[in-house]
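For reference, the structure discussed in these notes is given below.
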Amino acid sequence: MKTTNLAQALAIDSQLRLPGSAGRLLKQIRDIEHVAPIFRDAGLIKAVKRPSVINLAVSGIASHSCIHRALGGFIYVSAAVRTDLLIQENKISTTGTDSVSELDDIDFEAQRKRLDLVEMRHCYALVERLIIQDAAPNLILIDTPLFIGRDMIPLKRNVRHWAEYEKTRDAIEGFWQKHRKDLFPWNPDGPVLTSILAERFSAIVSIARQDLRTVDGRKHLLLSDGFSPESASGLSGLEERLMGIGDTRFINGILGSFTRTIAFRMTENRSRMEPAGEVDYGVIGFHFRSARGGQIQMAQMAGEESDWDSALLDAVATRLMVLDMQSQRKAMPLPQLLSRQQLNILEKFAAYYRQGLNEALRNNDVESTWLTGLDEGFE
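Numbering (our numbering), first residue to last: 435 to 813.
Now the structure itself:
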């Protein structure tokens, strides 16, 4: 019986398939080069001016959680750190820092999703502390979503996960009811609270594949951000070209250095976010890229089309881009990067906490503490 080893099979297969793969990739590149100018002319992709002098007060919040096995179960440590920066005539100085943390044991049920909710509460707690200080900056950045998406909402039968969700929903609702008046756009002089999320291209890619010549196709766009209806005719017939291009390749192909997408509504289907009463005030977003080789990120802010225009959105995008830093192939605004560096201690602290827990149980310290003085009440 004739046999072929794996190396020979792969060599033969690569020679047979190489021309086809190369041809498909070249076609996708040509398709992107064809649609990119059309998107730019229609106002779907926007160049943002790079400022020469920067004056900005900004606070960046980063959050993180880690889980360790301990005594047949799990413990977790979760924290968020806020770093305040002042930029005057391009000179950067740190003006303050704050943090919040918690650690405890946790069971196996939806650990990561529960800690995502904990991180959201931590971010909001630090934002609230900053606002109460009455020294709010121009821009406040968080690295969690502004509101709870449908994918974060658990089934009610998952008791502990549901309890964490309700606690977080109530915390977010209470924050917006108390402090909405302090934030932009409801307070024209207030700080802009912005959520920075890596990638998440589905929204803008889905919009790009709509028939933007129709009212229904444009319903997600912020028309106040400069959409050009007269150029929408050039978008017809692009569906077939876009179908063969993956989301990541598409968005990377049309976004260059110091560019952003047109802003879009994230609340067209409000049932997808909680707390619903606060989401009703609106949530908008746009993607941006500060450098051609940099990571694309999404900015998420509160408000509706009537609250924002191109000039305001460009101002936010400019600030985000000048703060953008590349660290280990991940993009992050400078104040959040500084905050994230402080969070590197969590892994070591979790290990230290686990060691202390093991020793306390081994030495019976915990039981002894609980039982101390128990007999005194019977004397």
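C-beta atoms are modelled at their ideal positions from N, C-alpha and C, and glycine is treated no differently.
All figures in this text were calculated on a predicted structure; none of them were measured in a lab.
Cβ-based neighbour list, residue i, same chain, cut-off 6 Å, excluding 5 preceding and 5 following
| i | result |
| --- | --- |
| T517 | G494, T531, P769, L772, S773 |
| Q449 | none |
| L805 | Residue confidence for L805 is low, a pLDDT of 49 falling below 50, so the modelled location carries little weight; the figure read from the coordinates is stated next. Closer than 6 Å at the Cβ level, and outside the excluded window around L805, lies no residue. |
Beta-carbon proximity check, residue i vs residue j, cutoff 9 Å
| i | j | result |
| --- | --- | --- |
| V750 | L490 | no |
| M732 | F720 | yes |
| L780 | F661 | no |
| V511 | A784 | yes |
| I540 | G506 | no |
| N592 | V626 | no |
Nearest residue (CA-CA) to residue i, options the options
| i | options | result |
| --- | --- | --- |
| I696 | A513, V482, I521 | V482 |
| L747 | F698, A785, A710 | F698 |
| S629 | L656, R591, G687, L754 | L754 |
| T701 | L440, G790, F581 | F581 |
| L617 | D659, L564, D585 | L564 |
| R503 | K653, G711, A794, Y787 | Y787 |
| T529 | V492, N778, R796 | V492 |
| A514 | E523, L551, L791, L589 | L551 |
| Q776 | L795, S535, R584, R614 | S535 |
Where residue i falls: helix, strand or coil (DSSP)
| i | result |
| --- | --- |
| E536 | strand |
| Q729 | coil |
| P769 | helix |
| I565 | helix |
| K590 | coil |
| Y715 | coil |
| H502 | strand |
| H613 | helix |
| H575 | Position check: residue 575 holds Leu in this sequence, whereas His was assumed. Looking at L575 - three-state DSSP - the assignment turns out to be strand. |
| I582 | strand |
| F542 | coil |
| E708 | strand |
| R484 | coil |
| I779 | helix |
| T817 | What is shown of the chain runs 435 to 813, which leaves residue 817 out entirely. |
| A513 | strand |
Same chain, Cβ closer than 7 Å to residue i, five either side skipped, listed in chain order
| i | result |
| --- | --- |
| A605 | R555, Y558 |
C-beta neighbour in chain D for residue i, strict 9 Å
| i | result |
| --- | --- |
| M755 | This model lacks chain D altogether; it includes just one protein chain. |
Counting beta carbon pairs with one atom in the region 489-503 and one in the region 733-751, are three or more of them shorter than 8 Å? no
Examine the Cβ distances between the region 594-612 and the region 543-555 and report whether three or more of them are shorter than 8 Å. These segments touch.
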